[in-house]
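Heads up: the sequence shown begins at 1309 in this note's numbering, then just goes up one per residue. This report refers to the structure that appears directly beneath it.
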Amino acid sequence: MTVGNNQKITAAILAGGKSQRMGTNKAFLLIDEEPIISHTITTLRKITHDLLIVTNHPELYAGFQAKAVRDLQLGLGPIGAILTALTLAENSHVLVVACDLPFLNLKILWEMTKVMDNSDVVVPRSDYGLEPLCAIYNQSCLPAIKYAISQGELSVFRLFNQIKVHQISPEVWQPLDPTGYAFLNLNTFKDYQLAQKFRGARVI
């Protein structure tokens, strides 16, 4: 499926985290009686039908409308999952999102696709800094990612120093997300309780 100007994009949900602080698989936490990952897939399918779930346990995701793929290199964290997504994607652009973003904002994602041809990465900047797990990566990043991994450098933030990054500033995305929850991720049960309380803020 194509997006603006007939550009193609793959979406990849990263579902390989250990969820140590939460104590359970965050992808299957319920929001409005459905797993978060179901809501994520519904949102992403409005952009593309080419969806991947990058995980250590593909068998858990057999029933979803996305292709579950195993991490090519285990134990590397997010940078390893991004490497897997870019390597296995059918398209040169890959929209990478974490599995625990209950308020994933479609309008912001569309805004990101508009500028994805002009850089290696398109990444929003929130009050907490850059959001690398809600970003569009180009396969042009692969050499830099592979080199970083070979050097034992697993920080995605440091990777950004080696590639061309287009930041989506708050001035751009905040009017599209009046709630301010677009990049809220669920690290703790308290975060999950907050998401339950404000579940009506989901923009689909």
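Don't be surprised by glycine CBs; every beta carbon is placed ideally from N, CA and C. Quantities reported herein were computed from a predicted structural model and do not represent experimental measurements.
Open item on the list: Can you find the residues in the same chain that come closer than 6 Å, C-beta to C-beta, to residue 1381, ignoring five residues on each side of it along the sequence?
Closed with: What you label residue 1381 is simply residue 73 of the sequence shown in a count that begins at 1. Excluding residues within five positions, the ones whose Cβ falls inside 6 Å are 1388.
TODO: Return the CA-CA distance between residue 1456 and residue 1467, expressed in angstroms with no decimal places.
DONE: One-based indexing of the sequence shown puts residue 1456 at position 148. One-based indexing of the sequence shown puts residue 1467 at position 159. Going by the C-alpha atoms only, they are around 7 Å apart.
Open item on the list: I need the boundaries of the beta strand (DSSP E) containing residue 1376, first residue and last residue.
Closed with: On the sequence shown, position 68 is the one that residue 1376 refers to. Counting along the chain, the beta strand (DSSP E) containing residue 1376 begins and ends at 1375-1378.
Open item on the list: Quick check on residue 1337 - is its C-beta less than 8 Å from some C-beta in chain D?
Closed with: Looking at the structure shown, chain D is missing, and only one protein chain is on hand.
Task: Chain-order list of residues whose beta-carbon lies under 6 Å from that of residue 1470 (same chain, five-residue window excluded) - done: Sequence index remark: in the sequence shown, residue 1470 carries index 162 (1-based). Contacts found: 1452.
Task: Residues bridged to residue 1442 (per DSSP) - done: One-based indexing of the sequence shown puts residue 1442 at position 134. 1405, per the DSSP bridge assignment.
TODO: Measure the Cβ-Cβ separation of residue 1407 and residue 1323 and say whether it is below 8 Å.
DONE: For this step, residue 1407 is matched to residue 99 along the sequence shown. For this step, residue 1323 is matched to residue 15 along the sequence shown. Yes; because the gap between Cβ atoms is below 8 Å, this pair is in contact.
TODO: Would you mind stating whether residue 1339 and residue 1440 have Cβ atoms separated by less than 8 Å?
DONE: As a working note, residue 1339 is residue 31 in the sequence shown. As a working note, residue 1440 is residue 132 in the sequence shown. Against a cut-off of 8 Å, the Cβ pair of residue 1440 and residue 1339 comes out as no contact.
Open item on the list: If contacts are defined as beta-carbon pairs under 8 Å, then residue 1500 and residue 1492 qualify, I think. What distance do you get, rounded to the angstrom?
Closed with: Working through the sequence shown from its first residue, we reach residue 1500 at position 192. Working through the sequence shown from its first residue, we reach residue 1492 at position 184. Not quite, the Cβ-Cβ distance comes to about 10 Å (not below 8 Å), so this is no contact.
TODO: For residue 1385, collect the residues of the same chain with a Cβ closer than 6 Å to its Cβ; drop the 5 residues on either side in sequence, then sort them by chain order.
DONE: Taking the first residue of the sequence shown as position 1, residue 1385 is located at position 77. Answer for residue 1385: 1462, listed in chain order.
TODO: Report all residues from its chain with a CB closer than 8 Å to the CB of residue 1435; omit the five preceding and five following residues, and keep chain order.
DONE: Residue mapping note: residue 1435 aligns to position 127 of the sequence shown, counting from 1. Correct list, in chain order: 1478.
- [ ] Find the nearest neighbour of residue 1316 within the set 1353, 1346 and 1488, judged by alpha-carbon distance.
- [x] The sequence position of residue 1316 within the sequence shown is 8, counting from 1. When each option's Cα is compared against that of residue 1316, the closest is 1353.
- [ ] Could you have a look at residue 1335 and say whether DSSP puts it in helix, strand or coil?
- [x] Position 27 of the sequence shown holds residue 1335. It is helical.
Open item on the list: On the DSSP letters alone, give me the boundaries of the beta strand (DSSP E) that residue 1434 sits inside.
Closed with: Position 126 of the sequence shown holds residue 1434. Note, residue 1434: beta strand (DSSP E), 1429-1434.
TODO: Whole angstroms is fine: what's the gap from residue 1310's alpha carbon to residue 1395's?
DONE: As a position in the sequence shown, residue 1310 is number 2, starting the count at 1. As a position in the sequence shown, residue 1395 is number 87, starting the count at 1. Low confidence applies to residue 1310: its pLDDT is 46, below 50, so where it sits in the model is not reliable, and the reading given next is rough at best. Cα to Cα, residue 1310 sits roughly 20 Å from residue 1395.
Task: Through-space distance from residue 1320 to residue 1349, alpha-carbon basis - done: Within the sequence shown, residue 1349 is the residue found at index 41, counting from 1. Within the sequence shown, residue 1320 is the residue found at index 12, counting from 1. Each residue's alpha carbon lies about 10 Å from the other.
Open item on the list: Looking at the secondary structure, which residues open and close the alpha helix (DSSP H) in which residue 1397 lies?
Closed with: As a first step, residue 1397 must be located in the sequence shown, where it is residue number 89. Per DSSP, residue 1397 lies in no alpha helix (DSSP H) and is assigned neither H nor E.
- [ ] Whole angstroms is fine: what's the gap from residue 1473's alpha carbon to residue 1370's?
- [x] For the purposes of this step, residue 1473 is taken as the residue at position 165 of the sequence shown. For the purposes of this step, residue 1370 is taken as the residue at position 62 of the sequence shown. Rounded to the nearest angstrom, the two C-alpha atoms are 34 Å apart.
Open item on the list: If you measure between the beta carbons of residue 1449 and residue 1430, is that distance less than 8 Å?
Closed with: For the purposes of this step, residue 1449 is identified with residue 141 of the sequence shown, where counting begins at 1. For the purposes of this step, residue 1430 is identified with residue 122 of the sequence shown, where counting begins at 1. Taking 8 Å as the Cβ cut-off, residue 1449 and residue 1430 do not qualify as a contacting pair.
- [ ] Leaving aside the five residues before and after residue 1372 along the sequence, list all residues of the same chain whose C-beta is less than 8 Å from its C-beta, in chain order.
- [x] Locating residue 1372 in the sequence shown gives position 64, where the first residue counts as 1. Result list for residue 1372: 1345, 1346, 1349 and 1361, in chain order.
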